[in-house]
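In what follows, a structure is listed as structure tokens, so that the remarks can point back to it.
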Amino acid sequence: MRRAALALAALLALAGSATAHHTGVYTPKDNAITTNFKALKFSVQAGKFDVARRLFDEGPLRKEMQARAASLPNGLESRAQAALAAKDGPGVERALMVFFAALARDLAVEGERQLGAGADAAAVGPRFLEAIWRYYNLVDFAVGQRDAKASVAMRLAYDDAEGATRAGAADAKRLREALRRMAQILGGVVEIAAN
Amino acid sequence: MTERESWRLPPRAVLLAAVILLLAAEIGGASMARFKLDLARWARGQMLARPAVHGLVGVRDVDERALDEALFRFDTGLRLFHMHAEGMALVVIATTTTAATLARRPGVRRALVGALTLGGVGYPVGYLLWSALIPAWGVERSKTLVEWLIWIPFGGATIVALAGLLAVIAARIAGR
Numbered sequence: 003m004r005r006a007a008l009a010l011a012a013l014l015a016l017a018g019s020a021t022a023h024h025t026g027v028y029t030p031k032d033n034a035i036t037t038n039f040k041a042l043k044f045s046v047q048a049g050k051f052d053v054a055r056r057l058f059d060e061g062p063l064r065k066e067m068q069a070r071a072a073s074l075p076n077g078l079e080s081r082a083q084a085a086l087a088a089k090d091g092p093g094v095e096r097a098l099m100v101f102f103a104a105l106a107r108d109l110a111v112e113g114e115r116q117l118g119a120g121a122d123a124a125a126v127g128p129r130f131l132e133a134i135w136r137y138y139n140l141v142d143f144a145v146g147q148r149d150a151k152a153s154v155a156m157r158l159a160y161d162d163a164e165g166a167t168r169a170g171a172a173d174a175k176r177l178r179e180a181l182r183r184m185a186q187i188l189g190g191v192v193e194i195a196a197n
Numbered sequence: 005m006t007e008r009e010s011w012r013l014p015p016r017a018v019l020l021a022a023v024i025l026l027l028a029a030e031i032g033g034a035s036m037a038r039f040k041l042d043l044a045r046w047a048r049g050q051m052l053a054r055p056a057v058h059g060l061v062g063v064r065d066v067d068e069r070a071l072d073e074a075l076f077r078f079d080t081g082l083r084l085f086h087m088h089a090e091g092m093a094l095v096v097i098a099t100t101t102t103a104a105t106l107a108r109r110p111g112v113r114r115a116l117v118g119a120l121t122l123g124g125v126g127y128p129v130g131y132l133l134w135s136a137l138i139p140a141w142g143v144e145r146s147k148t149l150v151e152w153l154i155w156i157p158f159g160g161a162t163i164v165a166l167a168g169l170l171a172v173i174a175a176r177i178a179g180r
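The structure is reproduced here in structure tokens:
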């Protein structure tokens, strides 16, 4: 009996000492638009254009395209629809690339504006960069295939911006400059690909 | 079984505290399942009402990640309270029973039972408090507060008491 009690207590003591507090590990999730994009892209790659058309017609990506129509190239939505109807994979890819590059460009413009208005570079900067990269990263490969220089310039600008947001060494001026560069690069990608 | 070999129960107040903790864990778990959407909606509303606390910038594509992470932490705090409260309630009962059985000196026994009970019951409450504070204080600020107010003192008490219990066990094995 005494031995059993001793063994039980030793086990419990070991288990208890491992109860260091932890607060979970957060893994960023896709939002509705990026999820819809991925499903659409895989359907196109698999040649399932009927599925891709349904995903586009009923999905949040198209709704977002319509909501942001004013800041997107004219007829982007109808071009995407036409490419899907014609089973034109590269055409669909180009339309989606323009859309996400435009989303990332608008975020870079807004981030630069907020920093210009006095927002804290160390707090606000990483959030904008994360959101920009989340969208740009989806189409980086497509951008690189069409304009390798723009893809490399975007990566360099992003690295520079990231360096300018480090805690304790945040540099709002450098970050604004990097965001301006990003907006310019992405604006160029949108303009060239849309024409 | 002789008198010397039998288990000794800890004070009833200890058992009561452990059972209350277990009950709180079960009520917490059931409430999480029943009011999951209401809780998330309330927390989101509170966070949106305090954009500066959560570093929201007013751009949906930027803010959604911050809100998602804060809601994840809020939910995690509730889950960890449920799990730790369930586990620590049983740990309190088992360790205090062991301390009551093996610690010969009344002072040592009281100290061990007291620290194991306070630490074990107090520590899980930190997760509940953390969750409750996240919407108003933000993830990191509320975590720092709870760390210093609850996790470190109560978790520390448990660890020190367990080390003491180990010493008692070692002494008994050595035949002292």
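In order, the protein sequence lines correspond to chains Y and Z.
Count along the first sequence from 1, add 2, and you get the number used in the working numbering.
Count along the second sequence from 1, add 4, and you get the number used in the working numbering.
Backbone N, C-alpha and C define an ideal beta-carbon position, used for all residues, glycine too.
Checklist entry - Is the CB of Y138 (chain Y) under 8 Å away from at least one CB in chain Z? => result At a cut-off of 8 Å between beta-carbon atoms, Y138 (chain Y) makes no contact with chain Z.
Next on the checklist: Can you confirm whether D42 (chain Z), when its beta carbon is compared against all beta carbons of chain Y, has any partner nearer than 8 Å?
Outcome noted: no
Checklist entry - From which residue to which residue does the alpha helix (DSSP H) around D149 (chain Y) run? => result Element bounds for D149 (chain Y): n/a, residue is neither H nor E.
Next on the checklist: Taking its Cβ as the centre, do 16 or more other Cβ atoms sit within 10 Å of R129 (chain Y), making it buried, or is it exposed?
Outcome noted: buried
Item to check | Proximal residues to A29 (chain Z) (C-beta, below 6 Å), its chain only, five neighbours per side dropped | outcome: Setting aside the 5 residues that flank it on each side, A29 (chain Z) is surrounded in the same chain by H86, A89, E90, each with a C-beta closer than 6 Å to its C-beta; the list follows chain order.
Next on the checklist: For chain Y, check one thing: does any of its Cβ atoms lie closer than 8 Å to the Cβ of V164 (chain Z)?
Outcome noted: no
Item to check | Within 8 Å of chain Z by C-beta, residues of the segment 118-134 of chain Y in sequence order | outcome: A121, A125, V126, R129, F130, E132, A133
Item to check | Where T80 (chain Z) falls, given that 16 or more other Cβ within 10 Å makes a residue buried | outcome: buried
Checklist entry - In terms of alpha-carbon separation, which member of Y:L86, Y:Q186, Y:A125 lies closest to A56 (chain Z)? => result That would be Y:A125, whose Cα lies nearest to the Cα of A56 (chain Z).
Next on the checklist: Does N38 (chain Y) pass the burial test, meaning 16 or more other C-beta atoms within 10 Å, or should it be called exposed?
Outcome noted: buried
Checklist entry - Among Z:L94, Z:V117, Z:T162, which one has its Cα closest to the Cα of A104 (chain Z)? => result Z:V117
Next on the checklist: Am I right that F76 (chain Z) and A47 (chain Z) are in contact with their C-beta atoms under 8 Å? What's the rounded C-beta distance?
Outcome noted: In fact, because the Cβ distance is near 11 Å, the residues do not count as touching under 8 Å.
Item to check | Runs of alpha helix (DSSP H) wholly within the segment 7-48 of chain Z (minimum 4 residues, chain order) | outcome: Scanning the segment 7-48 of chain Z for uninterrupted alpha helix (DSSP H) segments of 4 residues or longer gives 16-38, listed from N- to C-terminal end.
Checklist entry - Any residues in the segment 44-73 of chain Z with a beta carbon nearer than 7 Å to a beta carbon of chain Y? Which ones, in chain order? => result G59, V61, V63, D65, V66, E68, R69, A70, D72, E73
Checklist entry - Looking at A123 (chain Y) and A166 (chain Y), is the spacing between their C-beta atoms short of 8 Å? => result yes
Checklist entry - List, in order along the chain, the chain Y residues whose C-beta lies closer than 8 Å to that of R77 (chain Z)? => result T25, G26, Y28
Next on the checklist: What does the alpha-carbon distance come out to for the pair M67 (chain Y) and F101 (chain Y)?
Outcome noted: 7 Å
Next on the checklist: So that I know if they touch, is there some Cβ in chain Y lying closer than 8 Å to that of T80 (chain Z)?
Outcome noted: yes
Item to check | Where T167 (chain Y) sits in the DSSP three-state scheme | outcome: coil
Checklist entry - Do M92 (chain Z) and G124 (chain Z) come within 8 Å of each other at the CB atom, strictly closer than that value? => result yes
Checklist entry - Is the distance from the Cβ of L149 (chain Z) to the Cβ of L137 (chain Z) below 8 Å? => result Taking a C-beta distance under 8 Å as the contact criterion, L149 (chain Z) and L137 (chain Z) qualify as a contact pair.
Item to check | Beta carbon proximity, Q116 (chain Y) to chain Z, threshold 8 Å | outcome: Closer than 8 Å to some Cβ of chain Z, the Cβ of Q116 (chain Y) qualifies, so yes.
Item to check | Among Y:R107, Y:L117, Y:G49, nearest to R183 (chain Y) - alpha-carbon criterion | outcome: Y:R107
Item to check | Distance between beta carbons of A180 (chain Y) and A159 (chain Y), contact taken as under 8 Å | outcome: Indeed they touch by this definition, with Cβ atoms about 5 Å apart.
Item to check | Contacts around L13 (chain Z), its chain only, beta-carbon distance under 6 Å, and the 5 residues preceding and following it disregarded | outcome: none
Checklist entry - Leaving out the 5 sequence neighbours to the left and right, which residues in its chain are closer than 7 Å to D67 (chain Z) when beta-carbon positions are compared? => result L60, V61
Checklist entry - What is the DSSP secondary structure of Y28 (chain Y), counted as helix, strand or coil? => result coil
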